[in-house]
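Colleague: To start, I am sharing the structure in question, which I have written as structure tokens.
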Amino acid sequence: MKKGIMTLVILGCLVLGGIFLYLKIDADTTPPEIHVDNENLEYQAGMDEEQLLEGVTAEDNRDGNVSSSLEVESIYISEEKETATVVYVAKDSSNNVAKLRHAVKCKEGSLQESDENTEQEETQEETSQGENTTDETVVDETVQGDSTEKQETEASSDQKAQEAKKLQEEKIQSLDAGAPRIYLKEYYVEMKVGDTFEQLSYVSDIQDDKDQSGDLYKRIQIQGEVNTAAEGTYTLTYYVTDSENHMSNQAELTVVVGKGETDGSGNV
Numbered sequence: 007m008k009k010g011i012m013t014l015v016i017l018g019c020l021v022l023g024g025i026f027l028y029l030k031i032d033a034d035t036t037p038p039e040i041h042v043d044n045e046n047l048e049y050q051a052g053m054d055e056e057q058l059l060e061g062v063t064a065e066d067n068r069d070g071n072v073s074s075s076l077e078v079e080s081i082y083i084s085e086e087k088e089t090a091t092v093v094y095v096a097k098d099s100s101n102n103v104a105k106l107r108h109a110v111k112c113k114e115g116s117l118q119e120s121d122e123n124t125e126q127e128e129t130q131e132e133t134s135q136g137e138n139t140t141d142e143t144v145v146d147e148t149v150q151g152d153s154t155e156k157q158e159t160e161a162s163s164d165q166k167a168q169e170a171k172k173l174q175e176e177k178i179q180s181l182d183a184g185a186p187r188i189y190l191k192e193y194y195v196e197m198k199v200g201d202t203f204e205q206l207s208y209v210s211d212i213q214d215d216k217d218q219s220g221d222l223y224k225r226i227q228i229q230g231e232v233n234t235a236a237e238g239t240y241t242l243t244y245y246v247t248d249s250e251n252h253m254s255n256q257a258e259l260t261v262v263v264g265k266g267e268t269d270g271s272g273n274v
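Written out as structure tokens, the structure reads:
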């Protein structure tokens, strides 16, 4: 039994080895040949690839004519600008790449004219860039000015919010031990005309030594109103009384309705 298995393994290895050897021998590793049959070809600035490929063909030992794969890879101009070396490439179906460097004459005077045109274009481009830079500088300064003004406005709003919060916290600290305490999420907010505003959404917490916050929440009193349809500064006063008639601090919320940018909602 073991001998039979070993025999099969050996035969399998021999078959695989034979297939590998066949594929290696049969593999196409020969690149095509490129031929240039255009003695009158002269290079001049601005020539396209189609003109440079006139009279150029590529033949492969297996695929035959592969001229459709021909491309101009690059062009090198001599220092004297009298000759140009055109590098042609072609490939067959096995991706064997052929490369041919072919020297051609440069058309007299064409490269000098090209240099002059290039210099003129560069001068015009530099002038245009200078004008664009001036315009961009003006725009950039305007944008920076708007950005700075916006940052200053935001900083001012944050400062007012911090000051309002500090004042309300001082009121809470001065309360008697048995008095309930009402906290707001914000004490200073800004919104634009038309924003939605819900008074109770600004209540953060209510604490008392005896009553539950859920019961106290139902007894919240709010003085004042906010009209989001009209610009102005509004003040709301929140307070609550517990079951023993102890009155909480009077938490004040300042609401500024204007034309400034907000998230579109007055809710926290």
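So the number in this note's numbering is just where the residue sits in the sequence shown, counting from 1, plus 6.
Each residue gets a CB set at the ideal place from its N, CA and C atoms; glycine is no exception.
A quick note: this is a predicted structure, and the numbers were derived from the prediction, not measured.
Between the Cα of Ala236 and those of Ser207, Gln227 and Gly200, spot the shortest distance and give me the residue it belongs to.
Modeller: Here the question's residue 236 lines up with position 230 in the sequence shown. The candidate whose alpha carbon is nearest that of Ala236 is Gly200.
Colleague: If contacts are defined as beta-carbon pairs under 8 Å, then Val110 and Ala90 qualify, I think. What distance do you get, rounded to the angstrom?
Modeller: By one-based count along the sequence shown, residue 110 stands at place 104. By one-based count along the sequence shown, residue 90 stands at place 84. Their Cβ separation, rounded to whole angstroms, is 6 Å, which keeps Val110 and Ala90 in contact under 8 Å.
Colleague: Roughly how many whole angstroms lie between the Cα atoms of Ser84 and His108?
Modeller: For the purposes of this step, residue 84 is identified with residue 78 of the sequence shown, where counting begins at 1. For the purposes of this step, residue 108 is identified with residue 102 of the sequence shown, where counting begins at 1. Whole-angstrom Cα-Cα distance: 13 Å.
Colleague: Quick check: what's the CA-CA separation for Asp98 versus Asp43?
Modeller: The sequence position of residue 98 within the sequence shown is 92, counting from 1. The sequence position of residue 43 within the sequence shown is 37, counting from 1. If I take the Cα positions, the gap works out to 20 Å.
Colleague: Less than 8 Å between the C-beta atoms of Val240 and Val261, yes or no?
Modeller: Residue numbering aside, residue 240 sits at position 234 when the sequence shown is read from its first letter. Residue numbering aside, residue 261 sits at position 255 when the sequence shown is read from its first letter. The displayed chain sequence assigns Tyr, not Val, to residue 240. Cβ distance < 8 Å, so Tyr240 and Val261 count as in contact.
Colleague: Could you compute how far the alpha carbon of Ala170 sits from the alpha carbon of Tyr193?
Modeller: Within the sequence shown, numbered from 1, the residue matching residue 170 stands at position 164. Within the sequence shown, numbered from 1, the residue matching residue 193 stands at position 187. Taking the straight line joining both Cα atoms gives about 6 Å.
Colleague: Using a Cβ-Cβ cut-off of 6 Å (strictly less than) and excluding sequence neighbours within five positions of Val75, which residues of its own chain qualify?
Modeller: In the sequence shown, residue 75 corresponds to position 69, counting from 1. In the sequence as displayed, the identity of residue 75 is Ser instead of Val. Hits under 6 Å: Ala96 and Lys97.
Colleague: State buried or exposed for Asp214, treating a residue as buried only when at least 16 other CB atoms are found within 10 Å of its CB.
Modeller: Translated into positions along the sequence shown, residue 214 becomes position 208. Buried: at least 16 other Cβ atoms inside 10 Å.
Colleague: What does DSSP give as the partner residue(s) for Met197 in the beta ladder?
Modeller: In the sequence shown, counting from the first residue as 1, residue 197 sits at position 191. Paired residue(s): Val263.
Colleague: Whole angstroms are fine: how far does the CA of Asp54 sit from the CA of Leu20?
Modeller: The residue given as residue 20 occupies position 14 in the sequence shown. The residue given as residue 54 occupies position 48 in the sequence shown. Leu20 and Asp54: Cα-Cα distance of roughly 55 Å.
Colleague: Would DSSP call Glu77 helix, strand or coil?
Modeller: In the sequence shown, the residue the question calls residue 77 occupies position 71. If DSSP states are grouped into helix, strand and coil, Glu77 belongs with the strands.
Colleague: For the alpha helix (DSSP H) containing Asp182, list its first residue and its last residue.
Modeller: Your numbering for residue 182 matches position 176 in the sequence shown. From DSSP, Asp182 is part of no alpha helix (DSSP H); its letter is neither H nor E.
Colleague: In chain order, what residues of the same chain lie with their CB nearer than 8 Å to the CB of Gln174, ignoring the 5 residues before and after it?
Modeller: Residue 174 sits at position 168 when you count from the first residue of the sequence shown. So the qualifying residues of the chain are Leu190, Tyr193, Asn255, Ala257 and Glu258.
Colleague: According to the Cβ coordinates, are Ala167 and His252 closer than 8 Å?
Modeller: Here residue 167 refers to the residue found at position 161 when the sequence shown is read from its first residue. Here residue 252 refers to the residue found at position 246 when the sequence shown is read from its first residue. No; because the gap between Cβ atoms is not below 8 Å, this pair is not in contact.
Colleague: Per DSSP, which one or two residues make a beta bridge with Leu106?
Modeller: Along the sequence shown, one-based indexing puts residue 106 at 100. Tyr94.
Colleague: Decide if Leu25 is buried, meaning its Cβ has at least 16 other Cβ atoms within 10 Å, or exposed.
Modeller: Locating residue 25 in the sequence shown gives position 19, counting from the first residue. Here the sequence assigns Ile to residue 25, which means Leu is not the residue at that position. It is exposed - the Cβ of Ile25 has fewer than 16 other Cβ atoms within 10 Å.
Colleague: Which residue wins for smallest C-alpha separation from Ile178, given the options Ile212, Gly230 and Glu231?
Modeller: Within the sequence shown, residue 178 is the residue found at index 172, counting from 1. The shortest C-alpha separation from Ile178 is found at Ile212.
Colleague: For Ile81, count neighbouring C-beta atoms within 10 Å of its own C-beta (all shown protein chains included) and say buried if the count is 16 or more, exposed if not.
Modeller: For the purposes of this step, residue 81 is taken as residue 75 along the sequence shown, with counting starting at 1. The residue in question, Ile81, is exposed, as its Cβ has fewer than 16 Cβ neighbours within 10 Å.
Colleague: Ends of the beta strand (DSSP E) at Gly238?
Modeller: Position 232 of the sequence shown, counted from the first residue, corresponds to residue 238. Here the beta strand (DSSP E) through Gly238 covers Gly238 to Tyr245.
Colleague: Look at the alpha carbon of Glu48 and the alpha carbon of Asn102, and state the distance between them as a whole number of angstroms.
Modeller: Position 42 of the sequence shown, counted from the start, is the residue given in the question as residue 48. Position 96 of the sequence shown, counted from the start, is the residue given in the question as residue 102. Rounded to the nearest angstrom, the two C-alpha atoms are 29 Å apart.
Colleague: Which residues in the same chain have their Cβ closer than 8 Å to the Cβ of Met12, if we skip the five residues on either side of it in sequence?
Modeller: As a position in the sequence shown, residue 12 is number 6, starting the count at 1. Within the same chain, Met12 has no close Cβ partners at all.
Colleague: Helix, strand or coil for Leu58 per DSSP?
Modeller: In the sequence shown, residue 58 corresponds to position 52, counting from 1. In this structure, Leu58 counts as helix in the three-state DSSP scheme.
Colleague: What are the boundary residues of the beta strand (DSSP E) that includes Asp221?
Modeller: In the sequence shown, the residue the question calls residue 221 occupies position 215. First-last for Asp221: Ser219 to Tyr223, but that is the alpha helix (DSSP H), not the beta strand (DSSP E).
Colleague: Is it buried or exposed for Asp164, if we count other Cβ within 10 angstroms and need 16 for buried?
Modeller: On the sequence shown, position 158 is the one that residue 164 refers to. The residue in question, Asp164, is exposed, as its Cβ has fewer than 16 Cβ neighbours within 10 Å.
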